[in-house]
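*Asks:* Residue numbers (UniProt numbering): 1 to 158. Quick one: the structure is below, questions incoming.
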C-alpha cells in the first residue's frame, strides 16, 4: 500500500494493493470494494478482482435489510460462513457459489463516523474464523485511504 500510494494518485494501483493486503491478512477468492452513498441511497462497486463475474459499473439501490442494518446502521462487520447465510442476504448467492465461495465477510469503512463503503471478501465455506475477522480490522485504515482517494479522483473528474 505504501509503495502504491507513493507512485501518485493511481487508483487502480492502490486498490490492487488493498486487495493484495487482504489476501495476505485474511484471504479472499473474490474481493470487491463498494461505496455507499447514504444521501442518494445507492451503492457502487468500484473495484473487483473478478471483473468478469462482478464488474465495476453503475450503481444499485441501497435496500433496507438485516445486512444493511448491521453493516451500514450499526457499523459492524458482517460474516456468513455458509451458503445458507449468504442466501439469506444476497440475491446473487448462486453466482457466489459458482465461483467457489460459500463464506463472506463485509468490513465497513467509515469516513467522519459514517459508512462510506465496504471491503467485501468471499471464500470457501467456514473461512472467516473469529481470528480472520479480528485480523480484518487492520484493513479499515488502508480501506479508508482507498475510499478517500476514490472520492478525490471523482471530484477531480479523473
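Glycine included, each C-beta is placed from N, C-alpha and C at the ideal position. Note that the structure is predicted; figures quoted are calculated from it, not measured.
Tell me residue 60's beta-bridge partners as DSSP assigns them.
*Replies:* The count along the chain shown starts at 1 and reaches residue 60 at position 60. Answer is 43, bridged to residue 60.
*Asks:* Applying the 10 Å Cβ sphere with the 16-neighbour rule, what's the burial state of residue 18?
*Replies:* Here residue 18 is taken as the residue at index 18 of the chain shown, counted from 1. Label assigned to residue 18: buried.
*Asks:* Which residue from 94, 123 and 57 puts its Cα closest to that of residue 47?
*Replies:* Taking the chain shown and counting its residues from 1, the one referred to as residue 47 is at position 47. Considering only alpha carbons, the answer is 57.
*Asks:* Just how far apart, CA to CA, sit residue 36 and residue 149?
*Replies:* Residue 36 sits at position 36 when you count from the first residue of the chain shown. Residue 149 sits at position 149 when you count from the first residue of the chain shown. C-alpha separation (whole angstroms): 15 angstroms.
*Asks:* Heavy atom of the ligand ADP less than 8 angstroms from the Cβ of residue 116, yes or no?
*Replies:* Ligands in the displayed structure: none, and consequently the ligand ADP is not present.
*Asks:* What residue range is occupied by the uninterrupted beta strand (DSSP E) comprising residue 104?
*Replies:* By one-based count along the chain shown, residue 104 stands at place 104. 103–111 is the span of the beta strand (DSSP E), which, as asked, contains residue 104.
*Asks:* Compare the Cα-Cα distances from residue 95 to each of 11, 126, 21 and 53 and report the closest residue.
*Replies:* Working through the chain shown from its first residue, we reach residue 95 at position 95. Closest option to residue 95, Cα to Cα, is 53.
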